[in-house]
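Please read the structure below before turning to the comments.
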Amino acid sequence: MADSKHSENGLKRALSGGLGLKLAGLAMVLALVAVVTVAMVMFVGGFTPTSKILVEAPRSGLVLDTDAKVKVRGVEIGRVASVEYAEDGARLRLEVSPDKLKMVPSNAGVDIRSTTVFGAKYVNFIIPDEPASTSLKPGSTVSASRVTVEFNTLFQHLSDVLAQLDPEKLNATLTALGTALEGRGAKLGDLLSRSDAYLREINPYLPTLQQDLNKTTEVTGIYSDTVVDLLRTVDNATLTSRTFIDEQDNLDAVLTNVIGLADTTGAVLRQNENNLVTALDLLRPTSALLNQYAPALNCVITGVGGLMPLAEEVFGGVLPGVGMNTNFMFGSKPYTYPNDLPKVNATGGPHCEGVVDRAPESHSDYLVTDTNQGAPYVPNTGPITINEGPKVFQLLFAGLPGVDKL
Numbered sequence: 000m001a002d003s004k005h006s007e008n009g010l011k012r013a014l015s016g017g018l019g020l021k022l023a024g025l026a027m028v029l030a031l032v033a034v035v036t037v038a039m040v041m042f043v044g045g046f047t048p049t050s051k052i053l054v055e056a057p058r059s060g061l062v063l064d065t066d067a068k069v070k071v072r073g074v075e076i077g078r079v080a081s082v083e084y085a086e087d088g089a090r091l092r093l094e095v096s097p098d099k100l101k102m103v104p105s106n107a108g109v110d111i112r113s114t115t116v117f118g119a120k121y122v123n124f125i126i127p128d129e130p131a132s133t134s135l136k137p138g139s140t141v142s143a144s145r146v147t148v149e150f151n152t153l154f155q156h157l158s159d160v161l162a163q164l165d166p167e168k169l170n171a172t173l174t175a176l177g178t179a180l181e182g183r184g185a186k187l188g189d190l191l192s193r194s195d196a197y198l199r200e201i202n203p204y205l206p207t208l209q210q211d212l213n214k215t216t217e218v219t220g221i222y223s224d225t226v227v228d229l230l231r232t233v234d235n236a237t238l239t240s241r242t243f244i245d246e247q248d249n250l251d252a253v254l255t256n257v258i259g260l261a262d263t264t265g266a267v268l269r270q271n272e273n274n275l276v277t278a279l280d281l282l283r284p285t286s287a288l289l290n291q292y293a294p295a296l297n298c299v300i301t302g303v304g305g306l307m308p309l310a311e312e313v314f315g316g317v318l319p320g321v322g323m324n325t326n327f328m329f330g331s332k333p334y335t336y337p338n339d340l341p342k343v344n345a346t347g348g349p350h351c352e353g354v355v356d357r358a359p360e361s362h363s364d365y366l367v368t369d370t371n372q373g374a375p376y377v378p379n380t381g382p383i384t385i386n387e388g389p390k391v392f393q394l395l396f397a398g399l400p401g402v403d404k405l
């Protein structure tokens, strides 16, 4: 009990002697260090969750460092965590905010560009014309399409080129160029203005031009497959040209005769110009009539062609002479008034029924018109009940009243 009281008294004397102030100061310093550390970690995003993306590029550029910005459509979405160099290029590890990574489609491209010629570079995601419906996943690998060339790189390339040039020849070339352009500034300016306008007109068609250049490969392949035929055609054309050269005298004579024939024909046509016009004008009604009856004419000619074998048999195609099969038929009824009065009331164009479209062993079609001849001829073939055979006048005058009773 006495020892504990002695310890408490010693602690009180130590604190009252300045140790308490030292401990308070140390605690304040530690608190300040903790606050600054937390602020720095928060500033660099140590407490912010990120998604890792790997970018493969042919090179990273001279001024692309870690902690460089990562943007899409001009909006910063992350930082470059590290830059690793390899034989085939550079690998960039990006730390992107998971919420903002949703802004990047899965088919997006990447390029490394700079704000100015001398400015620091940043990684930029390129959104295609037809973005994918899904976003880029964490851990994905994207290939960079291009890297902006720095000014010092251009200067280095220019220095390499100039190192290969002869100063005297370069001076002579520049002097000649200056002499050629002297006094032609206005024309050169006009040329540059026209070139600028021309390029502005071409610029919208660059995608089409690129497609045409891509298709040039296919066209070249097609020509390479047909190069043998093309060479054969060229050889044939060469042979044809030689033939023309060898026969040039005959060809010249033919052309001369053609010219003479053309002159003679022209003179004849000029002399008979009015007669030709008159003849064509007179043939117009005939041509119109033939055009109207063209279907019937074609039908008749076709039908006659089908009857030619029968006609040959009748008119001596098989044996000399004319083959005929004759017989007497009963006469038709005689003319009666007023049933057989003339009547002109037929209408319709050219017809050719039953000539070429008749079925074998069938009666031909007959066009019935509103006239007194509106039905086909039907001979009197009915039986006649007489004791003796029909007389000649009965066959000739059948149909008259009382003839069948004689």
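According to numbering that gives the first Met the number 0, the sequence shown holds residues 0 to 405 in order.
All residues carry an ideal CB built from backbone N, CA and C; glycine is no exception.
{"Item": "Cross-strand partners of D339 (DSSP beta bridge)", "Value": "DSSP lists no partner for D339."}
{"Item": "Identity of the residues DSSP links to S240 by a beta bridge", "Value": "According to DSSP, which records beta bridges pairwise, S240 is partnered with nothing at all."}
{"Item": "Supposed close pair P104, L135 - CB separation, criterion 8 angstroms", "Value": "7 angstroms"}
{"Item": "Close Cβ partners of Q270 (< 8 angstroms) along its chain, the five nearest in sequence each way excluded", "Value": "none"}
{"Item": "Which of helix, strand or coil DSSP assigns to D110", "Value": "strand"}
{"Item": "For T140, three-class secondary structure by DSSP", "Value": "strand"}
{"Item": "Straight-line Cα distance separating N297 from L288", "Value": "14 angstroms"}
{"Item": "Best match in A107, L282, V37 for proximity to K70 [C-alpha to C-alpha]", "Value": "A107"}
{"Item": "Alpha helix (DSSP H) runs contained entirely in the stretch 247-333, provided each spans 4 or more residues", "Value": "247-270, 272-291, 293-313"}
{"Item": "Outcome for F124 when other beta-carbon atoms lying within 10 angstroms are tallied against a minimum of 16", "Value": "buried"}
{"Item": "C-beta contact flag for I126 and V95 at 8 angstroms", "Value": "no"}
{"Item": "Beta-carbon proximity check, V122 vs V74, cutoff 8 angstroms", "Value": "no"}
{"Item": "Continuous alpha helix (DSSP H) stretch holding L176: start and end", "Value": "166-180"}
{"Item": "Per-residue DSSP class, three states only, for S81", "Value": "strand"}
{"Item": "Local conformation of N123 per DSSP, three classes", "Value": "strand"}
{"Item": "L229, buried or exposed, once every other Cβ within 10 Å from all chains shown has been counted against 16", "Value": "exposed"}
{"Item": "Per-residue DSSP class, three states only, for A38", "Value": "helix"}
{"Item": "Delimiting residues of the beta strand (DSSP E) encompassing L53", "Value": "50-56"}
{"Item": "Whole-angstrom distance between N170 and G188, CA atom to CA atom", "Value": "24 angstroms"}
{"Item": "Residues of its chain near P130, where Cβ-Cβ distance is below 8 angstroms and the 5 sequence neighbours each way are ignored", "Value": "P104, N106, A107"}
{"Item": "Buried versus exposed, by CB contacts within 10 Å (16 or more), A56", "Value": "buried"}
{"Item": "Simplified DSSP state of R90, which is helix, strand or coil", "Value": "strand"}
{"Item": "Contact set for L275: own chain, Cβ-Cβ below 8 angstroms, skip 5 residues either direction", "Value": "L268"}
{"Item": "G302 versus N344 - alpha carbon distance", "Value": "28 angstroms"}
{"Item": "Exposure label - I221; buried when at least 16 CB within 10 Å", "Value": "exposed"}
{"Item": "C-alpha gap between R183 and D245, whole angstroms", "Value": "55 angstroms"}
{"Item": "8 angstroms contact criterion, which L100 and A80 should meet: CB distance rounded", "Value": "About 14 angstroms separates the two Cβ atoms, so there is no contact after all."}
{"Item": "Under 8 angstroms between C-beta atoms of P97 and S50", "Value": "yes"}
{"Item": "P97 (DSSP reduced to helix, strand or coil)", "Value": "helix"}
{"Item": "Span separating the alpha-carbon of D224 from that of N213", "Value": "18 angstroms"}
{"Item": "Beta-carbon proximity check, C351 vs A310, cutoff 8 angstroms", "Value": "no"}
{"Item": "Beta-carbon gap between Q291 and P349 smaller than 8 angstroms", "Value": "yes"}
{"Item": "Backbone CA spacing between G373 and T264 [nearest angstrom]", "Value": "At G373 the pLDDT is 48, less than 50, meaning the model places this residue with poor confidence and gives no usable figure here."}
{"Item": "Separation of E312 from V367, as counted between CA atoms", "Value": "33 angstroms"}
{"Item": "Local conformation of E129 per DSSP, three classes", "Value": "coil"}
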